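Enquirer: Here it is, the structure in full.
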Amino acid sequence: MHISTNGPPPSTNDTTDLPGDAAASAWSGLRRTTLQLAAVFWSAVLLSDSILWGIAGVDPLESLSGKLVLNSFGALLTIGMSALLFRLRHRGILFKAAMAFALSMACAPLYSLFDFQVYRFYVAPEVPDFSWRNFGYTMVSSMAMFFGWSCLYVSMVYAFEVRDRERSLAAAREEALHAQMRALRYQANPHFLFNTLNSIAGLVEEGATARAGRMLLSLSMFLRTTLTIDPLQDVSLADELVLQEDYLAIEQERFSDRMGFAVEAPGEVRRALVPSLILQPLIENAVKHGVGQSAAHTQITIRALRQQDVLRLVVENDLPAGGRPSADTVVGFGIGLRNVADRLRMRFDESGRFSARTHGGQFRAEIELPWRTG
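Take 394 as the starting number for the sequence shown in the working numbering and just add one per residue.
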């Protein structure tokens, strides 16, 4: 029998912006980008106008001051258009397109009249009086220019909205992931507490009050330690093993000479970082389905070893007579081992793996996770 569970993406950042902060930052970035884009847009207009006026026989340097004034006016118009279009960002695309066209038609005559006055004042004071033909040509070209800007701006706002939604969804997913990891982590504590209190109650009924007192004291120290651990923070394997040895000492008080345990972890391996209390459900399972269901002495062994960039954590226990684990150990592994698989899957994705199998009269639960040190 061999069951393996692979596992979603690691959380690389334990802190997330509040949705309001993220949104404010996103729209602040939009304002900044709008000003930058307007500067680029009107610089391109200035360059193209200089080329066209040069072809028409007007010295680009002589007309530069006039073009700067005209383009500054055009930039103010586009920024005003952008402010109005921004207020319509939640409306439908057809409505925004119609408003962009209407704003372009409104700005085009203003820009054309200003263009005529700038040309007369800065370039050619002797030019003929106002010409409807020239005005119409300038108005059509400027309307196309403003409508092009409107389309560009609406597209940019849409891109910012998509990015803002993605950021909000990512923050919500991370919040949900953290909440789920906390739930999985704390789900183990009531299960362990229930088993230990039952053991203490049994010792009291048997009259073994001294052993019950030691178990109760050990339990209080263990819970004090575990409840102060942040479930989203990693701990060193050394600290994790100390906690599990404390837990096994509590269980050893309960089962006395029926249980033994050993820890095999070289000094270097103990520096590795692991999710807090990741071993507890495995050891609980070994106690419940190994020691608890066997009248003979049962040995529990915890092994830790490094294989290149992989840390392997193994918990083995002797099987009861008959060489098969109990049915609820096989079918779904029970809530504790499922929690281990889920925590690994949520934290490390494919880099985290949980497996369990029977071999040679023993039940073996194994965790694989990336090698990391603090």
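Note that the Cβ used here is the ideal one computed from N, Cα and C, for glycine as well. In this text, all values refer to a predicted model and were calculated from it rather than measured experimentally.
1) For residue 459, count the other beta carbons within 10 Å of its own beta carbon; 16 or more makes it buried, fewer makes it exposed. Which is it?
2) DSSP on residue 669, reduced to helix/strand/coil?
3) For a quick check, are the C-beta atoms of residue 729 and residue 677 less than 7 Å apart?
4) Cβ of residue 674 within 7 Å of Cβ of residue 733?
5) How many angstroms separate the CA atom of residue 766 from the CA atom of residue 666?
6) Out of 746, 763, 737, 712, point me to the one whose CA is closest to residue 757's CA.
7) Roughly how many angstroms separate the alpha carbons of residue 747 and residue 557, rounded to a whole number?
8) Could you check if residue 683 is buried or exposed, using at least 16 other CB atoms within 10 Å of its CB as the buried criterion?
9) List the endpoints of the continuous beta strand (DSSP E) containing residue 709.
10) Report the option in 449, 496, 710 whose CA atom is closest to the CA atom of residue 752.
11) Helix, strand or coil: which one does DSSP assign to residue 759?
12) On a Cα-Cα basis, can you pick out the residue from 610, 469, 512 that is closest to residue 430?
13) Are the CB atoms of residue 705 and residue 761 within a distance shorter than 7 Å?
14) The alpha helix (DSSP H) spanning residue 698 covers which residue range?
15) Please give me, in chain order, every unbroken run of the alpha helix (DSSP H) with length at least 4 that falls completely inside the segment 599-642.
16) Strictly by DSSP, which residues pair up with residue 751?
17) Work out the CA separation of residue 568 and residue 741 for me, nearest whole Å.
18) To the nearest angstrom, report how far apart residue 749 and residue 707 are at their CA atoms.
19) So, using beta-carbon positions, are residue 592 and residue 647 closer together than 7 Å?
20) Distance check for residue 548 and residue 528, CA to CA, integer angstroms please.
21) Three-state secondary structure (DSSP) at residue 653?
22) Would residue 345 and residue 714 qualify as a contact pair, given that the criterion is a beta-carbon distance under 7 Å?
23) Alpha carbon to alpha carbon, how far is residue 614 from residue 671? Give it in angstroms, no decimals.
24) Within 10 Å of its beta-carbon, does residue 435 have 16 or more other beta-carbons around it, so buried, or fewer, so exposed?
25) For residue 586 and residue 649, I'd like the C-alpha separation in whole angstroms.
26) Just curious, the alpha helix (DSSP H) that residue 503 is in, first and last residue?
27) With distance defined between alpha-carbon atoms, name the residue in 691, 625, 609 nearest to residue 736.
28) Looking at residue 696: is its Cβ nearer than 7 Å to the Cβ of residue 657?
29) Of all the options 504, 566, 443, 482, which has the alpha carbon lying nearest to the alpha carbon of residue 551?
30) Assuming residue 476 is part of the alpha helix (DSSP H), what are its boundary residues?
31) Is the beta carbon of residue 536 sitting closer than 7 Å to the one on residue 491?
Expert: Walking through what the data contain:
1) buried
2) coil
3) In contact: residue 729 and residue 677 (Cβ atoms closer than 7 Å).
4) yes
5) 5 Å
6) 712
7) Rounded to whole angstroms, residue 747 to residue 557 spans 36 Å at the Cα level.
8) buried
9) 703-711
10) 710
11) strand
12) 469
13) yes
14) Counting along the chain, residue 698 falls outside any alpha helix (DSSP H), though it belongs to the beta strand (DSSP E) covering 691-700.
15) 602-620
16) 756
17) 17 Å
18) 10 Å
19) yes
20) 30 Å
21) strand
22) Residue 345 lies beyond the stretch modelled for the chain, which goes from 394 to 767, so this question has no answer here.
23) 19 Å
24) buried
25) Their backbone Cα atoms lie some 19 Å apart in a straight line.
26) Residue range 486-511 is occupied by the alpha helix (DSSP H) that includes residue 503.
27) 625
28) Going by C-beta atoms, residue 696 is nearer than 7 Å to residue 657.
29) 482
30) Unbroken alpha helix (DSSP H) run through residue 476: 457-480.
31) no
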